[in-house]
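Protein chains in written order, with the numbering used here: chain A, 114 to 434; chain B, 114 to 434. Glycine included, every Cβ here is placed at the ideal spot set by N, Cα and C. These numbers come from a predicted model, not from an experiment.
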């Protein structure tokens with residue numbers, strides 16, 4: 114029995130150490146091991162609800178995440194949090210460790226928190242995050258909260274993965290910052306105006322409503338059947354969290370049929386392509402592999418400017434065939 | 114003659130509108146067009162010095178960039194700035210436009226500024242930024258400053274591309290934030306303590322010196338022949354910029370031989386692999402392409418959980434062969 118098979122048995126029996134080990138394997142392990150984990154656990158998963166949380170720095174994403182977890186717990190749900198930090202590319206590992214802010218849930222067996230950092234090459238998280246979510250799903254959590262810690266492309270990736278995506282905003286952060294992030298409205302299923310006790314919350318809500326209505330009118334928003342609600346929260350005091358939980362449920366119910374199926378297909382398709390692209394990249398760059406000598410020669414020609422990089426890439430791919 | 118060939122002629126004749134158009138083509142255009150631009154201009158480039166600037170939000174990266182440009186201009190150098198913003202994935206385009214902060218250089222024909230945003234899929238910038246730098250190099254700029262506007266994986270990418278990478282820090286931003294970013298020390302050729310007139314600059318410098326010495330001692334830093342200098346600047350007043358320019362020159366001189374060659378090879382290799390991976394991804398996902406039907410079928414099987422994503426990816430790749 115492979116190591117992964119043994120870990121799978123322990124995972125399904127509720128062993129938290131096996132869970133942590135499997136997450137480390139999909140984050141750090143050899144690509145082949147990641148693939149084995151995905152292949153084994155995929156049939157065991159598919160039950161969890163994936164809730165994405167994104168937004169600019171300073172809006173209180175982590176407070177919203179923590180308060181949401183507390184409220185989901187009062188409803189009897191087992192909750193895992195995957196905090197994705199794309200801004201720590203080289204140091205690796207989960208810099209924020211077990212997340213001090215999650216100490217509120219310390220000792221609660223129904224909550225599991227894990228941070229994941231990027232791994233220095235583009236595409237690392239694109240493969241590792243879906244695999245980690247799969248592990249948490251197979252472990253039996255009812256909800257998996259995917260939270261972006263930093264800013265960046267991960268926002269889109271998280272939204273592409275989640276069943277329901279919350280975009281968190283807050284008043285008083287400056288129009289410039291928020292306008293620059295306006296693109297994330299396109300991925301919002303629920304808009305959260307956090308820190309709603311601060312001045313400007315009403316104005317922010319009005320602006321968002323205007324942008325949403327415009328977005329629907331010109332059909333830039335992908336889902337014409339769902340108008341994202343705009344909810345006010347003060348997450349550090351737990352205010353507005355019940356309404357937020359209800360809105361997540363309502364979005365899920367509204368998408369139980371065709372919309373949910375479309376999303377699941379888009380997600381599966383994206384994941385297959387990422388895994389395939391990663392596999393090809395492995396083949397292209399494997400040290401000592403069949404293409405390694407070819408890549409070395411091509412690199413030398415590009416440095417000498419006797420060959421351009423685009424043509425070198427074509428010749429490298431020919432070696433695949 | 115193709116459009117790109119005509120633009121190439123105008124670019125080499127110093128036409129700034131052709132320059133802007135070529136940059137748009139590598140950022141927005143079809144992948145084939147991007148490849149044609151790279152193939153045509155690569156033999157024309159190789160003269161420019163690529164200076165990377167990275168650091169956490171709030172340290173004054175853009176002030177350092179602007180002041181550096183001003184000082185390089187006093188030394189008679191033609192300077193292009195490429196401001197890379199990975200945090201604007203969906204809205205696209207250069208949100209910050211022509212960068213208000215660069216108005217100081219307005220009307221100076223020896224300065225060219227361009228912003229690039231991410232394009233919603235991982236890997237978009239990894240291919241577009243080297244191509245844009247190539248266009249600016251071919252256009253005849255002496256220096257191309259690559260500045261990251263946001264935070265994220267682009268830090269590593271910028272460092273991987275640059276001849277000399279500046280990591281900017283500032284006192285008073287909280288140890289947590291800076292410690293979390295400590296990984297970027299590994300990519301620093303020159304450390305810049307900006308806002309050095311603020312309290313804590315001395316302490317920050319001491320901490321950095323300790324980290325650098327430790328890094329050298331345990332050999333996590335890739336370049337054992339170069340100890341990054343730590344320089345103090347007050348960029349908004351232009352203070353320290355001459356010393357900074359000298360340090361960039363010294364680093365370049367120290368790497369004119371073996372170190373520079375190693376870097377050039379690593380850069381070329383990385384770029385070839387990115388272009389090859391992008392090309393494969395195109396083939397895998399081309400609508401109506403040979404693999405499109407296969408991908409649709411595989412996606413359906415994964416959604417139905419009769420097949421796992423890793424196995425689906427393997428089957429998709431088989432279609433390449």
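Limits of the alpha helix (DSSP H) - the one that residue 345/A falls within: Locating residue 345/A in the first chain gives position 232, where the first residue counts as 1. Note, residue 345/A: premise wrong, no alpha helix (DSSP H); beta strand (DSSP E) at 343-345.
State the DSSP-derived secondary structure class of residue 435/B, mapped to helix, strand or coil. Here chain B comprises residues numbered 114 to 434, so residue 435/B is not present and cannot be evaluated.
C-beta neighbour in chain A for residue 477/B, strict 8 Å: Residue 477/B is absent from the model: chain B starts at 114 and stops at 434.
Taking a contact to mean a Cβ-Cβ separation below 8 Å, would you say residue 250/B touches residue 257/B in this structure? Taking the second chain and counting its residues from 1, the one referred to as residue 250/B is at position 137. Taking the second chain and counting its residues from 1, the one referred to as residue 257/B is at position 144. Yes.
According to DSSP, is residue 405/A helix, strand or coil? By one-based count along the first chain, residue 405/A stands at place 292. DSSP places residue 405/A in helix when its eight states are reduced to three.
Considering only C-alpha positions, which residue in the set 191/B, 373/B, 247/B is nearest to residue 278/B? As a first step, residue 278/B is located in the second chain; it is residue number 165 there, counting from the start. Residue 278/B has its Cα closest to that of 373/B, out of 191/B, 373/B, 247/B.
Does the beta-carbon of residue 366/B have 16 or more other beta-carbons within 10 angstroms, so that it is buried, or is it exposed? Within the second chain, numbered from 1, the residue matching residue 366/B stands at position 253. With fewer than 16 Cβ atoms within 10 Å of its Cβ, residue 366/B is classed as exposed.
Excluding the 5 residues preceding and the 5 following residue 355/B in the sequence, name in chain order all residues of the same chain whose CB lies nearer than 8 Å to its CB. To locate residue 355/B, count along the second chain from 1; it is residue 242. Correct list, in chain order: 184.
Which two residues bound the contiguous beta strand (DSSP E) that contains residue 304/B? The count along the second chain starts at 1 and reaches residue 304/B at position 191. Counting along the chain, the beta strand (DSSP E) containing residue 304/B begins and ends at 303-306.
Please list, in chain order, the chain B residues whose beta carbon lies closer than 7 Å to that of residue 398/A. By one-based count along the first chain, residue 398/A stands at place 285. Going along chain B in sequence order, the residues near residue 398/A (Cβ under 7 Å) are 386.
For residue 228/A, the three-state DSSP class (helix, strand or coil): The residue labelled residue 228/A in the question sits at position 115 within the first chain. Correct three-state label for residue 228/A: strand.
Specify the secondary structure class of residue 172/B as computed by DSSP and reduced to three states. The residue you call residue 172/B lines up with position 59 of the second chain. The answer is coil: DSSP assigns residue 172/B none of H, G, I, E or B.
8 Å Cβ cutoff met for residue 197/B and residue 261/B: As a working mapping, residue 197/B is identified with position 84 in the second chain. As a working mapping, residue 261/B is identified with position 148 in the second chain. A contact, by the Cβ cut-off of 8 Å.
Taking the alpha carbon of residue 411/A as the point to measure from, which residue in 144/B, 193/B, 384/B, 350/B has its own alpha carbon closest? The residue you call residue 411/A lines up with position 298 of the first chain. Answer by Cα proximity: 384/B.
For residue 156/A, is the classification buried or exposed, using 16 other Cβ atoms within 10 angstroms of its Cβ as the cut-off for buried? Translated into positions along the first chain, residue 156/A becomes position 43. Under this definition residue 156/A is an exposed residue.
Anything in chain B within Cβ reach of residue 341/A, meaning under 9 Å, just list it in chain order. Working through the first chain from its first residue, we reach residue 341/A at position 228. Residues of chain B passing the Cβ test: none, with the nearest at roughly 15 Å.
Under 7 Å from the C-beta of residue 422/A: neighbouring residues of chain E: Reference to chain E is not applicable here, since the protein chains of this structure are A and B.
Going straight from the alpha carbon of residue 300/B to that of residue 323/A, what length do you get? Mapped onto the second chain, residue 300/B falls at position 187. Mapped onto the first chain, residue 323/A falls at position 210. Between residue 300/B and residue 323/A, the C-alpha separation is close to 44 Å.
Measuring only between beta-carbons, confirm whether residue 411/A sits less than 8 Å from chain B. To locate residue 411/A, count along the first chain from 1; it is residue 298. Yes, its Cβ sits closer than 8 Å to a Cβ of chain B.
Please name the residue, chosen from 394/B, 126/B, 123/B, that lies closest to residue 427/A on a Cα-to-Cα basis. Reading the first chain from its first residue, position 314 is the one you call residue 427/A. Comparing Cα-Cα distances from residue 427/A to each of 394/B, 126/B, 123/B, the minimum goes to 394/B.
Helix, strand or coil at residue 76/A according to DSSP, with G and I counted as helix: Nothing about residue 76/A can be reported from this structure: the residues present for chain A run from 114 to 434 only.
Which one or two residues does DSSP pair with residue 166/B in a beta bridge? Reading the second chain from its first residue, position 53 is the one you call residue 166/B. Note: residue 166/B sits in a beta bridge opposite 260/B, 279/B.
Output, in chain order, the set of chain B residues within a Cβ distance shorter than 7 Å of residue 117/A. Position 4 of the first chain, counted from the start, is the residue given in the question as residue 117/A. Within 7 Å Cβ-Cβ: nothing; residue 117/A doesn't reach chain B, min ~12 Å.
What in chain B is Cβ-close to residue 159/A, meaning under 7 Å? Taking the first residue of the first chain as 1, we reach residue 159/A at position 46. Within chain B, the residues near residue 159/A are 418.
DSSP three-state assignment for residue 352/A, whether helix, strand or coil: In the first chain, counting from the first residue as 1, residue 352/A sits at position 239. Residue 352/A: strand per DSSP, three-state reduction.
Exposed or buried, residue 118/B, counting other C-beta atoms within 10 Å across all chains shown (16 or more means buried)? On the second chain, residue 118/B is found 5 positions in, with the first residue counted as 1. Residue 118/B comes out exposed.
Beta-carbon proximity list for residue 255/B, same chain, < 6 Å, skipping 5 on both sides: Within the second chain, residue 255/B is the residue found at index 142, counting from 1. Excluding positions up to five away in sequence, the list reads 190, 191.
Counting only C-beta atoms, is residue 130/A closer than 8 Å to chain B at any point? In the first chain, residue 130/A corresponds to position 17, counting from 1. No, its Cβ sits nowhere closer than 8 Å to a Cβ of chain B.
Quick check: residue 360/B and residue 303/B, are their CB atoms within less than 8 Å of each other? Reading the second chain from its first residue, position 247 is the one you call residue 360/B. Reading the second chain from its first residue, position 190 is the one you call residue 303/B. Contact flag set, yes.
If we define contact as Cβ-Cβ less than 8 Å, is residue 426/B a contact residue for chain A? Position 313 of the second chain, counted from the start, is the residue given in the question as residue 426/B. It does; some Cβ of chain A falls within 8 Å.
Pairwise C-alpha distance: residue 420/B and residue 414/B: Here the question's residue 414/B lines up with position 301 in the second chain. Here the question's residue 420/B lines up with position 307 in the second chain. Rounded to whole angstroms, residue 414/B to residue 420/B spans 5 Å at the Cα level.
Mind listing the chain A neighbours of residue 166/B? Cutoff is C-beta to C-beta under 9 Å, in chain order. Counted from its first residue, the second chain places residue 166/B at position 53. Going along chain A, no residue has its Cβ under 9 Å from residue 166/B, so there is no contact; the nearest lies around 16 Å.
Should residue 122/A be labelled buried (16 or more other beta-carbon atoms within 10 Å of its own) or exposed? Residue 122/A sits at position 9 when you count from the first residue of the first chain. Exposed is the call here.
Out of 424/A, 246/A, 352/A, which has the shortest C-alpha to C-alpha gap to residue 150/A? Here residue 150/A refers to the residue found at position 37 when the first chain is read from its first residue. For the residues 424/A, 246/A, 352/A, the minimum Cα distance to residue 150/A belongs to 246/A.
Suppose the cutoff is 6 Å on Cβ atoms and the five residues either side in sequence are ignored; what does the same chain contact list for residue 158/B look like? The residue labelled residue 158/B in the question sits at position 45 within the second chain. 247, 250, 251, listed in sequence order.
Alpha carbon of residue 315/A to alpha carbon of residue 305/A, nearest angstrom: Counting from 1 along the first chain, the entry for residue 315/A is found at position 202. Counting from 1 along the first chain, the entry for residue 305/A is found at position 192. C-alpha separation (whole angstroms): 12 Å.
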